[in-house]
Structures are given as C-alpha cells and as structure tokens.
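Data first, discussion second: the structure below is written as structure tokens.
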Amino acid sequence: MAVTEALVTMKRLREHPRDSHTLERFLDTDGYAAARRSVTEMTPDETIEVVKQSGLRGRGGAGFPTGMKWGFVPKDIFPKYLVVNHDEGEPCTFKDRELAESDPHQLLEGIIIGAWANQSNMAFIYCRGEFAHGSRRLDDAIAEAYDKGFLGRGIFGSNFDLDIVLHRGAGAYICGEESALLDSLEGYRGQPRLRPPYPAVKGLYGKPTVVNNTETLASLPHIVAHGADWFKQWGTEKSTGPKVFSVSGHVERPANYEVPLGTKLSDILELAGGIWKGNRLKAVIPGGASSPLLLDTDVAMDFDTLKEAGTMLGSGAITFLDETTCMVRNALVTLEFFEHESCGKCTPCREGTWWAVKVLDRIEHGDGRQEDMDLLLDISNGIDGRAFCPLGDAAAWALRSNVKLFREEFERHVTDGRCPFEEDHGRHVALAGAPRREDA
Amino acid sequence: MTVRISRRPEDAPPPRVLDDEQLSKAHAIRDKYPNARSATLPLLFLVQSVEGNVTDDGIREVAEILGLTPAQVLATASFYSMLKEGPQGTYLVSVCRNIACTHRGGRAIVRELAEHLGVEPGQTTDDGMFTLETAECLATCDGAPTMQVNYEDFYDLTTEKAIDVVERLKRGEDVTAHRGATVRSSREISQETACAGLGWKLPRDGQEARTIGGEVPPPDTAPGFRPKVPGKEEGS
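Pasting the structure below:
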C-alpha cells in the first residue's frame, strides 16, 4: 500500500501552495475559529485540559508533554509570558521555517490559544535571524491580525488582551535551547541558564514563561477545533498525533512530510522517493545532528521507540546518507558545527568539541593515528553528562555513534593515509574568519 | 566577533551614528519590550545598518539609548554571528557548510566560489562588493546545497549558479531569490532586521491594569530573576 501523509499543520500549505500565507485563505479555511472558540467559550483550564488529553508532546526536540509543561506555570503570578521558539537551527531541520513562512496565521492562532491557556498577555516570537523571508511573512500576518482585532485589546470581543512581539535572533544555534533563548531575548549573550528554576516558574524577566516550539503551537488550533480524540487517531499511545519530518540528504525528493508518529522510517524514505541515483543506504541521522545514527530503516518513528533504539526523534529531521558517504567527513562536519555553536560557557563542550574537530580533521586528511579512534571516544565520554546543557551531550553522542558504528572506516583512513571515498574533497573549508587547522 | 572599545579624548564629542529619523526608530524598537535591554540585538542591527558593521561608536550609542554600559552591549554583540565586527561587502554571500549541504556538494561550491571571487571565506573582495562566508545549517536542506545572499535563499545550488548570482549582482542587475524576494544590500537587510515587528503599534498607551479572563491580576510580588537594569522599568 502506498504511504500517505496525515496532513494537519501542513494541510493548508499543501492544498493552497500559492496563497496559504494570506489572511483571506486562512479565514476561508476555518482560520482563527479555534482561537475564537477557546477565548470566548472555553476557560483557560479547559484549554489546558484538551491539550493534556491530546497527548501532544513538544515538537522542538525534547518531546516533553505540552500540557504538562503548561501545568507547571504558577497560576497566581503575573505577568506571564509565552515565548515561541522559532530559532530553528538543528542541522537538517526545516519544518518550522516552512510552517511559519507558508502559514503564519496558523502559528498566530496557536499563540493565541497558548497565551489564553496560560493567561499570558504578551507573547514573543523569537524568530531566527537568518529567516528574512519568514520574518516578513510573520510581520505582515501580525499586522493583519491586529487590524482584524485578533490581537491587541479585547481580542475576539472578549476582555482578553494579547500583544505579540516579533523578535529577531542574530545568529546563534544555542539560542534554540530555551533558557539561552530567554537570555538572548533579554539582551544578553545567549548562554543557557542553570535549571531549576525552570522557565515555567522563572523565565523571561524572572516571570513565569512558557516556551513552545513553532510546530507545537501550530498544532494547537487543530486540537482545539477537533478535540483530543481526533488528534489521537494518529500516532502511538505515548507519541500521539502527526508530526512533520524534515527529510534531507541523499534522497530523491528532500522536503517536509507530515505523517503519524510511529510511521516506519522505510515508509518515510519511500515518500521522499527513496535513496537517490538508485544508491544503497548507508546510515540515517534520525533526529537532527544531535541524534546517534541508525543503520537501517526498519524502525517506527516515535519518541519512545527511537529512545529504545539508542537514538532519538529530536526535532524530526531525518537525513539519509548513501553508500558514497564518508563517515569521517560526516563526523567532522557534525562536530565542526557543534564546535562553532558551542557557547563557551562550560569547559567540556567548548574544549571537547574543539579537540574532536582537530582529531577528525587529521584523520580525514590522512594524518590520523591508530590511537585516534580511542581518543575520540575518550573525548566523547569527557563531554557526555558533564556539559552544562544538552548541546555538549548531543555533540558527544553524535561523535561516539559515528566512531563506534564506522570504526573500520575510520581505521582505513589512518592505514591508507587518505580518505578512501573521494580523490579531491577540497581541503577542509575553514570557518569564516577562523584560522585553518593545518597545524592539527 | 571581538571588538575593543577605544577611549576617545575627553574634548572630542562622539559623532552621532543614528540621525533623528533612525533615533526615533530606535526608541520605537526599545518601546516594543517591557525591559529596555531586550532591544540590544535589534539596536545593534540598527547601528550596523547605518555603518555597515558594529563599530565602537555604534556600541556606545546603543548603550546610551538603553541605559547600559558599552561593555554590556559589547558582551552581547560579540556573541552573535550576524553582528559583524569588521567592514562588510554590499552582499554577504553565506554558503551552507552543514551536513545536508556538504553531502550534496556544498563544500566544493564554497571552494570554487572563493576562487572566483579571489577571497577566502571570511574575507571581502577588494571592490567591497562581496563578503564570502560559510554558514551553519540555514534550515533550507530541502534545496541542498544552498546559500544565502544577504539572507535571501538560493536553492539547488551549483557552482555555475552561484557564480551567475554574484556576476549578476556585480553588473547591478536585480536578482530574485528562491522565495521571490529581490536581493537587497546588507545595510537594507540589517535595517529590516532591526525593525522587525514595528509594522504595527503596540497598544501600550494606557497604564491601567489589564484584565485577564475577567479577573484583575493580583499584584506581582515575585522577585526578578536578574538584577534590574538601568533604563525602562518592567511593565512600564
């Protein structure tokens, strides 16, 4: 049977690719009805309850139940803030960008519902700095929503006020980590905070703050409109609903696909047209650069199954790598990313990623040593569990997984004194402004 | 980015970075937020849009507007890759070097584009037209390999396509990016980034307590997470 998508958050942009971002199209397709219903007919607690019942888990990477997160917000402290984590930067993830760009009003509607549920009068969209196009779309959509009375004073004729502030980041992956995002939004360096206290209790400006991912919020209008049971028709018992997977790498049709959680990875590969050029699959990065690799596609894509398989669903970014891929290079590129994006706050992550890149670079370019593989595993162990925030752990897991699963390939680089995959890789392309690593 | 704040002779009045029009924008940006310090990033983009990069004078002026010290503003500015320390080209060409793009040939494009422009990543061409840089994942992996020119996306890149884009920009032609926007200068795009969210006015004229769900919120007694910064008080 052919695999089909379960289009929910991506329905409008698939069915109306030309004008899914316009207010006219949005209103035409039941837009803002759920938010209106929530604000005018449901109490905040009822809204939280339906989200809890739906089993919706955060779509940003951690998979924490959204309703439970909201439940931690103290009821009696004001003001409260809702912050949208639209700082999508996990390598190979591009779902939030498309959702906000192609359907900005859906996100705004989700924000209204989230803000109402949490009694917040002010929401911030932390939009990644590089998203020029998406930011313009959001800017226009917010202005339209104000004009229509969906935002501002007394929205939908109720006595609930809601303002949305669009805030642009300035280029830092770590700001996708929620406490670093809050520091950045407060005008500081984007470095993670020690937790507890969690943002739900003390977040932005020291006030209770809900930080939710774009896709999470975009799911809310559908849950409120159709109910928790409707949402649970998809997915597994503990991973409910549909999820947008960003499929990239060596496939015929890289794109976002929205399928039920628990869909077989092989089915998602089929949706994306299979491995390109008729090549064979070598490895899969199943949940963004942070996630350990998988070697085959016979696995259900939900939070718990992947956890059992020793990896994670993460942000839902699936990168397929074909047989021509050099895994040393894959590890190098991944660790270069973490090295560049390490905020520098804690030593294991800052120094560990730097050393790992040095070692990987010399292996890839034929100057590796036999003991390097153990050295890399040692570096990985030195970071894992010792870093201040999950960025360090992610780097450690990715590194360990590449070395362990493809150790023979790493060793071949060392014994051959060159990369066996390509004659000319192009000598390592240095980071902008960074010194070349020829001294490694 | 690293910047050193140089001392200015006492008698030399600091030159203004922001003219009156820009200054009123700066105030509007500051007033978007309950706390002035939150406006640090957008105001840094604002001074970058005037001077091309974040200069010492720009940092001083942002500090002045927000009631911070230059060191506080510098500490923030130096963290973010879109805030540039040195002079930039009119067009910032950012080629993705992350996983999906690398595995689909992105690094070769960086190398060949660097050769074509005669600069290394991180450098600016002699005519001041182009700054080449490598970028981390731009969330455009569905079109890998990709690049951005002043943050407008170009999909399904080849070396020929990348060179064609820079050549057309060199000739002063309008270049349309993947999502239909015309590539503009880096200063214009910094200005736009600074002013994001100013498209409408926040109704914060009245100071009366707002009602939430029909109930008047109890007065807030929670202590702030951070020491209060000079400038605007919370909630004003």
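From first to last, the protein sequence lines stand for chains A and B. For the first sequence, the working numbering assigns the number 1 to the initial residue and increments by one for each residue that follows. For the second sequence, the working numbering assigns the number 1001 to the initial residue and increments by one for each residue that follows. Even glycine gets a Cβ: it sits at the ideal position worked out from N, Cα and C.
Check: Let me know the secondary structure DSSP gives F320 (chain A) once reduced to three states.; Outcome: strand
Check: Kindly list, in the order they appear in chain A, the residues whose Cβ is closer than 7 Å to that of Q1148 (chain B).; Outcome: E130
Check: Under 8 Å by Cβ, that's how I've got I268 (chain A) and F303 (chain A) pegged, so tell me the actual separation to the nearest angstrom.; Outcome: 15 Å between Cβ atoms; not a contact.
Check: K307 (chain A): which of A:T4, A:V414, A:G61 sits nearest, CA to CA?; Outcome: A:G61
Check: Rounded to whole angstroms, how far is the Cβ of L405 (chain A) from the Cβ of L293 (chain A), which I believe are closer than 8 Å?; Outcome: 6 Å
Check: Let's see if you can read the secondary structure: which residues bound the beta strand (DSSP E) around V470 (chain A)?; Outcome: Summary: the structure shown does not reach residue 470 (chain A), with chain A confined to residues 1 through 440, and so no result is reported for it.
Check: What is the C-beta distance between S1190 (chain B) and T1090 (chain B), in whole angstroms, given that I count them as a contact (C-beta under 8 Å)?; Outcome: No, S1190 (chain B) and T1090 (chain B) are not in contact; Cβ-Cβ is about 12 Å, not under 8 Å.
Check: Which residues of the segment 392-423 of chain A have a Cβ closer than 9 Å to any Cβ of chain C? Give them in chain order.; Outcome: Absent from the structure: chain C. Protein chains present are A and B.
Check: Does chain A have any CB closer than 8 Å to the CB of L1138 (chain B)?; Outcome: yes
Check: Return helix, strand or coil for S120 (chain A), following the three-state DSSP convention.; Outcome: coil
Check: Rounded to whole angstroms, what is the Cα-Cα separation between T1159 (chain B) and P1145 (chain B)?; Outcome: 10 Å
Check: Between V414 (chain A) and P286 (chain A), what straight-line distance do the alpha-carbon atoms span, to the nearest angstrom?; Outcome: 28 Å
Check: What does R57 (chain A) pair with, by DSSP beta-bridge criteria?; Outcome: A:P65
Check: Determine, using beta carbons only, whether M1082 (chain B) comes closer than 8 Å to chain A.; Outcome: yes
Check: For Y1155 (chain B), decide whether its Cβ has a neighbour in chain A, counting only Cβ atoms nearer than 8 Å.; Outcome: no
Check: Is there a C-beta anywhere in chain A that falls below 8 Å from the one on L1113 (chain B)?; Outcome: no
Check: Can you say whether A1139 (chain B) is buried or exposed, counting buried as having 16 or more other CB atoms within 10 angstroms of its CB?; Outcome: buried
Check: For K207 (chain A), which option in A:P197, A:A100, A:E215, A:F388 has the closest C-alpha, if you only look at C-alpha atoms?; Outcome: A:P197
Check: Which residues, in order along the segment 1016-1041 of chain B, keep a beta-carbon less than 9 Å from a beta-carbon of chain A?; Outcome: K1032, Y1033, P1034, N1035, A1036, R1037, S1038, A1039, T1040, L1041
Check: Looking at the C-beta of C92 (chain A), does it have a partner C-beta in chain B at a distance below 8 Å?; Outcome: yes
Check: So which residues of chain A does N1098 (chain B) contact, with C-beta pairs closer than 7 Å?; Outcome: P91, V333, F337
Check: If we count the other Cβ atoms within 10 Å of its Cβ and call it buried at 16 or more, is H1027 (chain B) buried or exposed?; Outcome: exposed
Check: Any C-beta of chain B sitting closer than 8 Å to the C-beta of L261 (chain A)?; Outcome: no
Check: Is the segment 93-113 of chain A touching the segment 211-227 of chain A, taking contact as three or more C-beta pairs under 8 Å?; Outcome: yes
Check: For a contact defined as C-beta to C-beta under 9 Å, what are the partners of H167 (chain A) on chain B?; Outcome: K1032, Y1033, S1038, L1041, P1042, A1196, G1197
Check: Jot down the residue ranges of each uninterrupted alpha helix (DSSP H) in the segment 11-52 of chain A, minimum 4 residues, whole runs only, in chain order.; Outcome: 11-15, 23-28, 33-41
Check: With DSSP as the reference, please indicate the residues paired to L204 (chain A) in a beta bridge.; Outcome: L204 (chain A) pairs with nothing; no bridge assigned.
Check: Please check if any C-beta of chain B sits within less than 8 Å of the C-beta of E88 (chain A).; Outcome: yes
Check: What are the residues that DSSP puts in a beta bridge with A284 (chain A)?; Outcome: What sits at residue 284 (chain A) in the sequence shown is Val, not Ala. Note: V284 (chain A) sits in a beta bridge opposite A:L294, A:F320.
Check: For L377 (chain A) versus A356 (chain A), is the C-beta spacing smaller than 8 Å?; Outcome: no
Check: Name the chain B residues whose beta carbon is nearer than 9 Å to that of P254 (chain A)?; Outcome: A1100, R1104, C1141, D1142, G1143, A1144
Check: Return no unless some Cβ of chain A is closer than 8 Å to the Cβ of Y1151 (chain B).; Outcome: yes
Check: Any C-beta of chain A sitting closer than 8 Å to the C-beta of R1179 (chain B)?; Outcome: yes
Check: Given a limit of 9 Å on CB to CB distance, which residues of the segment 1065-1080 of chain B reach chain A?; Outcome: L1066, L1068, Q1072, V1073, A1075, T1076, A1077, S1078, F1079, Y1080
Check: Taking 8 Å as the threshold (beta carbon to beta carbon), is Y173 (chain A) in contact with chain B?; Outcome: yes
Check: Note the first and the last residue of the continuous beta strand (DSSP E) segment covering F482 (chain A).; Outcome: It is not possible to answer for residue 482 (chain A), since the shown part of chain A is limited to 1 through 440.
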